[in-house]
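J.:
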Amino acid sequence: MPPKGWKATAKGKGKAKAKGKGKASAKGKAKAKQVVEEVEEQPKGDVASGEAAATEGALVEVKPKAKAKGKGLRKKVLEDLGEKSLAEALAEAKEVVATADARIAEAAALEEAQEAQAKAAREEYEQATSEVQAAVAKEVEAASVHQQLLLKRLELSEKEEQDRRRLLEAQKALAMMEVMAVKQKKMQELEEKRKVATEAAEMAKKNLLAQRQIEKDALEATRRALDEAKALKAQARGFGKRASVGGEPELPPAKRILPTDEQETVPATLVDGDNVE
1 MPPKGWKATA KGKGKAKAKG KGKASAKGKA KAKQVVEEVE EQPKGDVASG
51 EAAATEGALV EVKPKAKAKG KGLRKKVLED LGEKSLAEAL AEAKEVVATA
101 DARIAEAAAL EEAQEAQAKA AREEYEQATS EVQAAVAKEV EAASVHQQLL
151 LKRLELSEKE EQDRRRLLEA QKALAMMEVM AVKQKKMQEL EEKRKVATEA
201 AEMAKKNLLA QRQIEKDALE ATRRALDEAK ALKAQARGFG KRASVGGEPE
251 LPPAKRILPT DEQETVPATL VDGDNVE
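Numbering (UniProt numbering), first residue to last: 1 to 277.
Dropping the structure here:
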């Protein structure tokens, strides 16, 4: 890529050089034209010199001008010629014109070459500019895509953080429920044990009450048996007294056979006439 300002500088130099050469060529042409015009407007006395010039093929078509102006130019040309002959002046003028034409052609070729070089540089610059613009557009597009990816990544990171928090909360809730389940299971086990113990206590209480009732009933039966024994004893005593009065000897009281249910409650050592109280 050419440096900035190179195209303008090269083109300016080429134009300046071509302009200078063009000015020199124009001056040479003007001088040669004046010489030819003077030759055409010379008087008849200078016919010999004119013929010599004609033999050299230097005739040029000249526009008719005013005589006063032509005389002034002829005078000026003659003064410029000095000691030179017309043929020498004409040859010198032709040489000047040829040199000017060569310089003009050289300047035109140089200008054309510089123009081609400038065109190539301009095309190269435009191509480089287009490539730079395309690269900049791609870079902008890539930056936009990168920005979108960053935003997407940030969004995914936030979503991942939210999911992680939800998972942590779910794990905490699960652990709490497991603890509660274990506690509830233990409570159920304790409740079942308490219920079993309560039922056992109730059963023991009922058994105790039943035993007490049995004991109470047995004691009541024993008391009744004792009362009956006392009554029988008293009766036997009364009968003995009556027998003594009648002259018969008093016999010891005989053992009374009790019923089976009473035999279980009355002590075996208890006999009729003994006071259990």
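Even glycine gets a Cβ: it sits at the ideal position worked out from N, Cα and C. This structure is a prediction, so every number in the text was calculated from the model and none was measured.
(1) According to DSSP, simplified to helix, strand and coil, what is G238?
(2) Does DSSP put E83 in a helix, a strand or coil?
(3) With a Cβ-Cβ cutoff of 8 Å, do A91 and L81 count as a contact?
(4) Secondary structure at R74, three-state DSSP: helix, strand or coil?
(5) Buried or exposed: L167, going by 16 or more other Cβ atoms within 10 Å of its Cβ?
(6) Would you kindly work out how many angstroms separate the C-alpha atoms of A170 and A134, rounded to a whole number?
(7) Write down every uninterrupted run of the beta strand (DSSP E) in the stretch 154-206 whose length is 3 residues or greater and which is fully enclosed by it, in chain order.
(8) With a CB to CB cut of under 6 Å and the five nearest residues on each side skipped, what residues in its chain are close to Q117?
(9) Run through DSSP, which three-state label would A53 get?
(10) Determine the burial state of L86: buried for a count of at least 16 other Cβ atoms within 10 Å of its Cβ, exposed for fewer.
T.: In short, the structure shows the following:
(1) Of the three classes helix, strand and coil, the one that applies to G238 here is helix, per DSSP.
(2) Three-state result, E83: coil.
(3) Result no, Cβ atoms of A91 and L81 do not sit closer than 8 Å.
(4) The answer is helix: DSSP assigns R74 an H, G or I state.
(5) Label assigned to L167: exposed.
(6) So the alpha carbons of these two residues sit roughly 53 Å apart.
(7) Whole beta strand (DSSP E) segments, 3+ residues: zero.
(8) So the list is empty, once near-sequence residues are dropped.
(9) The pLDDT assigned to A53 is 39, lower than 50, so where the model puts this residue is not dependable; a value taken from the coordinates is nonetheless given after this. Helix.
(10) Result: buried.
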